[in-house]
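A.B. asks:
Numbering (the working numbering), first residue to last: 3 to 250.
(1) Would you kindly check if the distance between the Cβ of residue 79 and the Cβ of residue 86 is under 7 angstroms?
(2) To the nearest angstrom, report how far apart residue 145 and residue 3 are at their CA atoms.
(3) Would residue 203 and residue 212 be called neighbours here (beta carbons separated by less than 7 angstroms)?
(4) Can the beta-carbon of residue 131 be found closer than 7 angstroms to that of residue 111?
(5) Can the beta-carbon of residue 176 be found less than 7 angstroms from the beta-carbon of residue 187?
(6) How many Å lie between residue 218 and residue 197 at the Cα?
(7) Would you list the residues sitting across from residue 87 in a DSSP beta bridge?
(8) Taking the C-alpha atoms as reference points, what is the distance between residue 166 and residue 160?
(9) How about residue 181 and residue 156: are their beta carbons less than 7 angstroms apart?
(10) Do residue 239 and residue 224 have their C-beta atoms closer together than 7 angstroms?
(11) On the three-state DSSP scale, how would you describe residue 212?
(12) For the alpha helix (DSSP H) containing residue 189, name the first residue and the last one.
(13) Assuming the contact rule is C-beta atoms closer than 8 angstroms, residue 88 and residue 76 should be a hit. Round their C-beta distance to whole Å, please.
(14) Can you list, in chain order, the residues of its chain with a C-beta nearer than 7 angstroms to that of residue 199? Leave out the 5 residues immediately preceding and following it.
(15) In angstroms, rounded to a whole number, what distance separates the CA positions of residue 7 and residue 235?
(16) Helix, strand or coil for residue 233 per DSSP?
(17) State the CB to CB distance for the pair residue 98 and residue 64, rounded to an integer number of angstroms; the pair is presumed to be in contact (CB under 8 angstroms).
(18) What are the start and end residues of the alpha helix (DSSP H) that includes residue 67?
(19) Looking at C-alpha atoms only, which residue of 103, 13, 16 and 20 is the closest neighbour of residue 207?
See the structure below:
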């Protein structure tokens, strides 16, 4: 998401705006600069309670070293965009958010271990916490949210089904419940794309808010909402449809 926002802004350097737009808001950190932790670390002879209290007082301090984390971020970014640069503030903000995410995940896994009557964490505790997080249904800004469909696309869905049935060489029918669910999905997906395109067009990413949402905002919104190959296919089909419409 961060690289998509950066490409949409026509930049080669990732800044704080792109990082804040691309990560979940629940992992935001109040501090963007690492504060100095001058307190002496307790020795191993001290009780575990003192060691736990020491780490609890380090709120806002970065635990991972800067250089290895920066190398990791640059290596991951090469899988999406080549020759992408990061500002120092963006790296610090990413590290704070990542550590907040890890702390949140471990705290939920710890609750699972306590519920099982254990003190030690096991892989299954982390797996349960990750499954609970995935099933929460939160998609962030411009995500899909439940609601009644506003427009009825039932006729068009039946036409698409007829085309698919002809290509497969079989006659297929659709129940009313399945047609309703698909219609709701189309409405929610369209609403999410428009909301994301509006966000891309707002002052939070641009110097000024434009009055017209262009096809570029729609393409970036589709890439942000839909997963990889499906987004590429949707953008290519959309470009072909617009070209065909313009030529006719």
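Don't be surprised by glycine CBs; every beta carbon is placed ideally from N, CA and C.
C.D. replies: In brief:
(1) Yes, they are a contact pair.
(2) Note that residue 145 scores a pLDDT of 44, beneath 50, so its modelled location is shaky; the value from the coordinates is reported in the next line. For residue 145 and residue 3, the distance between alpha carbons rounds to 13 angstroms.
(3) Yes, Cβ-Cβ distance for residue 203 and residue 212 is below 7 angstroms.
(4) Cβ atoms of residue 131 and residue 111: closer than 7 angstroms.
(5) Going by C-beta atoms, residue 176 is not nearer than 7 angstroms to residue 187.
(6) Residue 218 and residue 197 have their C-alpha atoms spaced approximately 14 angstroms apart.
(7) 15.
(8) Each residue's Cα considered, the two are about 10 angstroms apart.
(9) For residue 181 and residue 156, yes; Cβs fall inside 7 angstroms.
(10) Result no, Cβ atoms of residue 239 and residue 224 do not sit closer than 7 angstroms.
(11) Residue 212 falls in the coil class under three-state DSSP.
(12) Residue 189 -> alpha helix (DSSP H) spans 178-202.
(13) That belief holds up - the Cβ atoms of residue 88 and residue 76 are roughly 7 angstroms apart, short of 8 angstroms.
(14) 215, 219, 220 and 223, listed in sequence order.
(15) So the alpha carbons of these two residues sit roughly 19 angstroms apart.
(16) Three-state result, residue 233: helix.
(17) Right, the Cβ-Cβ distance comes to about 7 angstroms (below 8 angstroms), so this counts as a contact.
(18) Neither: residue 67 is in no alpha helix (DSSP H) and is coded neither H nor E.
(19) It is 20.
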